[in-house]
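Some notes on the structure that comes next.
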Amino acid sequence: MNTKKPAAPKSALAGTDTLDRGNTNTKLDSLEKFRSDATEQALRTNQGVKVADNQNTLKAGARGPSLLEDFIMREKITHFDHERIPERIVHARGTGAHGYFQAYETHSVLTKAGFLQDPHQKTPVFVRFSTVQGPRGSGDTVRDVRGFAVKFFTDEGNFDLVGNNMPVFFIQDAIKFPDFVHAVKPEPHNEIPTGGSAHDTFWDFVSLVPESAHMVMWTMSDRAIPKSLRTMQGFGVHTFRMINAEGKARFVKFHWRPAAGTCSLVWDEAQKLAGKDTDFHRRDLWESIETGDYPEWELGVQVIEEENEHAFDFDLLDPTKIIPEEVVPITPLGKMVLNRNPDNFFAETEQVAFCPGHIVPGIDFSNDPLLQGRLFSYTDTQISRLGGPNFHEIPINRPVSPFHNGQRDAQHRTTIDKGRASYEPNSIDSGWPKETPPAAQDGGFETYPERIDAAKIRQRSESFSDHFSQARLFFHSMSKHEQEHIIAAYSFELGKVEREFIRVRQVNEILANIDLELAKRVAQNLGLPVPMAGTVEVRKTSLDHSPALSQANLLSGDIKTRKVAILAANGVDGAAIDALKKALMAEGAHTKLLGPTSAPVTTADGKALPVDASMEGLPSVAFDAVFVPGGAASIKALSADGVALHYLLEAYKHLKAIALHGEAKQLLDVLKLEVDAGLIVGTDTKLFKAFFAAIGQHRVWEREPKAKAVPA
Ligand code: HDD
């Protein structure tokens, strides 16, 4: 997190977070009337008739045929038959939460947007995180981009920041989006693979479209397998504009930075989780909010004065480029806290409808051709997904500001407009509703009057033609272990590509132009001839290294919300468990006690300890670290328990911190492991310090080469 953020006014940020369950703005009450609570209510039909028997269809006699007359059964089955709507064409798998946004201070110099003026105001938000490729039921931990869509319910209308957890995109022009999506989606003949890009059509497309090189590098990096939704950065991707009350416009890029730091799973762990807990990310988000560990992000912008539009070695309008943070630092604007889970997945998370075109006065678009196309697509897609043009009336989509206009009628209209005139101008309804001139505050929306003087052409600007410099910048900015992961990911994915000419093209025409060493390593893993140097001339860039891109530099510095498994069998040292729990709780971390079965374990001094789950029930992939307390009998039992031994080997292999207390040290010999910076042994609570420090490092990266030899 940026430590230089302005001190927040005490009255705004102190206080109520842990008690406040989300209704941070009384305006949200206007949505609350749509929530339905059936407590102490009679079961009724949709027409309000009380139901006497919900168990039996109306029949001609107890053993006779069912009667068509049974309006209760028919209403119920008819509704059921239509209980699915088309899933999103992309980003179908997702999960959502409510919360609020609060500015740190007034940002009137930058923008007149109301929600960025008052540090005392909390603006309600609804956020939906998603994967892109897989269908609604696909796994959470697949290698993919994550959607990061935020709906701000501002007093001036809804503002949707529909971004991703990566700051660039695969293509530069929206007209290529259907081609890209058709290529990445499961293959048309057998609908394989579900939730992954490791297949021919994806690599065929990206190897033919060099503008994808930078984004593909991000998706082959650890960013594509986030540890949790709470530990992802978010990006608006495109360049937008902010406009202040004087009409002064500046270009901005939006960034979300998680308070919990940015970190990822390791690949083997991500794959196993996809089977062991398909809902890993949505469960983590849900549980964090339920336990009061409210996920938090800082919203910031990179600000570029209009006169500097052409000051960069890339085009600001090109969505395949970042502005390195070292070149333009992020100005923090405020924080977002997610503090309430939805009551109903379908009504809220499934029906929420985002659109990059939902903006408010003080924010405007740039001419990024990808953004421009998105402005059309989202509303269009909601019409078929949500059944008509009135999707804005669904409670989760309704603005908290009033809306009045001549757009009445159409399917599922719920507002009952009283006026006689659904046109403007009118004199019948005294001219209402009327336009509001674009005054400084609270005025009508006015598009920034950018001057355009151009020919109508289908052409890509020459300034969009450098496809490799920033892919190279990304690769060179990674730590050693992150680079190794990228090489492994390209090798894994291309290894699944059946057509050799696609593998060769990706290596020779894309990777060799990014970094020859990268290309050679991947070629070697694929058994391809050693690639020659790339043919595209290397461009000079102002920066060859951006530390802000490496997750090695983005940890939170604490162990809050980290999850530690405690492995125990009968005869365990109960005092060691108590001491660890107390110490971890003080750090804001969590523990689960796991036994050989779900039955309680008995401590060395004879107490029965209930366990949270069996070791099989909560596998090591669900935790950040493992603690094995001493106790001679417990360690003897665990040493002969294949599940327990596998648990530790797997945690070791996934580079997690492991602490072996007292007699547990014997497990080193059983498992043939050696102590390292994250495999710690000790007889008293002093070992906690080193253990917690290792958890704070997220993973024990220096163990990685050694861990490769360990079976798990
Ligand atoms: Fe998109 C959904 C993000 C390019 C067309 N997109 C969708 C969602 C996210 C993004 C987060 C899910 C929203 C939700 O949770 O409901 N999309 C992006 C980003 C892009 C991008 C960051 C590039 C910078 N998208 C993009 C293009 C097009 C679309 C170029 C079409 C021209 N996207 C859609 C869509 C979706 C969508 C088809 C599917 C479901 C939906 O909109 O509501 O309209």
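For the sequence shown, this note's numbering assigns the number -4 to the initial residue and increments by one for each residue that follows. Every residue, glycine too, gets a C-beta built ideally from N, C-alpha and C.
Just how far apart, CA to CA, sit residue 154 and residue 449? 30 Å
Where are the beta strand (DSSP E) runs, 3 residues long or more, that stay fully inside the stretch 292 to 331, in chain order? none
Going by the DSSP bridge assignment, what does residue 589 pair with across the sheet? 562 and 608
Please tell me whether residue 560 and residue 603 are closer than 9 Å, where the distance is taken between their beta carbons. no
To which residues of the same chain is residue 675 closer than 6 Å at the C-beta, ignoring the five residues directly before and after it? 654, 682, 685 and 686
Output the residue ranges of the beta strand (DSSP E) runs that lie fully inside the stretch 480 to 567 and measure 3 residues or longer, sorted by chain position. 558 to 562
Presumed contact (8 Å Cβ cut-off) between residue 364 and residue 167, rounded CB distance: 7 Å
On the DSSP bridge list, what partners appear for residue 97? 330
Determine the contact status of residue 717 and residue 67, defining contact as a CB-CB distance below 9 Å. The first residue shown for the chain is -4 and the last is 707, placing residue 717 beyond what the model contains.
Using CA coordinates, which residue listed in 354, 555 and 645 is at the minimum distance from residue 370? 354
Residue 319, buried or exposed, once every other Cβ within 10 Å from all chains shown has been counted against 16: buried
Check whether the stretch 578 to 595 touches the stretch 236 to 256, taking contact to mean three or more Cβ pairs, one atom from each stretch, closer than 8 Å. Contact fails: fewer than three Cβ-Cβ distances are below 8 Å.
Should residue 85 be counted as a contact of the ligand HDD given a C-beta to heavy atom distance under 8 Å? yes
Could you check what DSSP says for residue 597 in three-state terms: helix, strand or coil? strand
Hey, out of 493, 494, 523 and 136, whose CA is closest to residue 507's CA? 523
Rounded to whole angstroms, what's the CA-CA distance from residue 497 to residue 175? Just pull it up for me. 16 Å
Give the straight-line distance between the Cα atoms of residue 476 and residue 226, rounded to the nearest whole angstrom. Taking the straight line from one Cα to the other gives about 19 Å.
Endpoints, the beta strand (DSSP E) within which residue 724 is located: Outside the displayed range of the chain (-4 to 707) lies residue 724, so it cannot be described from this structure.
Any heavy atom of the ligand HDD within a distance shorter than 8 Å of the CB on residue 142? Yes, since a heavy atom of the ligand HDD falls inside the 8 Å radius drawn around the Cβ of residue 142.
In terms of residue numbering, what span does the alpha helix (DSSP H) encompassing residue 176 cover? 172 to 179
Between the alpha carbons of residue 140 and residue 193, how many angstroms are there, rounded? Whole-angstrom Cα-Cα distance: 14 Å.
Expressed to the nearest angstrom, what Euclidean distance is found between the alpha-carbon atoms of residue 660 and residue 517? C-alpha separation (whole angstroms): 40 Å.
Give every residue of the same chain whose Cβ lies closer than 6 Å to the Cβ of residue 473, excluding the five residues on either side of it in the sequence, and list them in chain order. 545
Short Cβ contact (9 Å threshold) for residue 145 with residue 121: yes
Helix or strand or just coil, what does DSSP make of residue 699? helix
For residue 237, list the residues DSSP reports as bridge partners. 245 and 358
Whether residue 335 touches residue 391 by CB criterion (9 Å): no
Check whether the Cβ of residue 340 lies closer than 8 Å to any heavy atom of the ligand HDD, and answer yes or no. no
Which runs of the alpha helix (DSSP H) at least 4 residues long sit entirely within the stretch 358 to 414? Give them in chain order. 364 to 380
Roughly how many whole angstroms lie between the Cα atoms of residue 20 and residue 402? Any reading at residue 20 must be qualified, since the residue scores a pLDDT of 48, below 50, and its modelled position is unreliable; the value itself is stated next. Going by the C-alpha atoms only, they are around 28 Å apart.
Looking at the ligand HDD, does it come within less than 8 Å of residue 312, judged from the CB to the closest heavy atom? No - the ligand HDD has no heavy atom lying nearer than 8 Å to the Cβ of residue 312.
Say yes only if the C-beta of residue 192 is nearer than 8 Å to one or more non-hydrogen atoms of the ligand PLP, and no if none qualify. In terms of ligand content, the structure shown lacks the ligand PLP and carries the ligand HDD instead.
Cβ separation of residue 622 and residue 666, assumed to be a contact under 8 Å, to the nearest whole Å: Between residue 666 and residue 622 the Cβ distance is about 15 Å, and since that is not below 8 Å, they are no contact.
Evaluate residue 704 with the Cβ neighbour count: other Cβ atoms within 10 Å of its Cβ, from every protein chain shown; 16 or more gives buried, anything less gives exposed. exposed
Could you give the DSSP three-state label for residue 194: helix, strand or coil? coil
Please classify residue 463: does DSSP put it in a helix, a strand, or coil? coil
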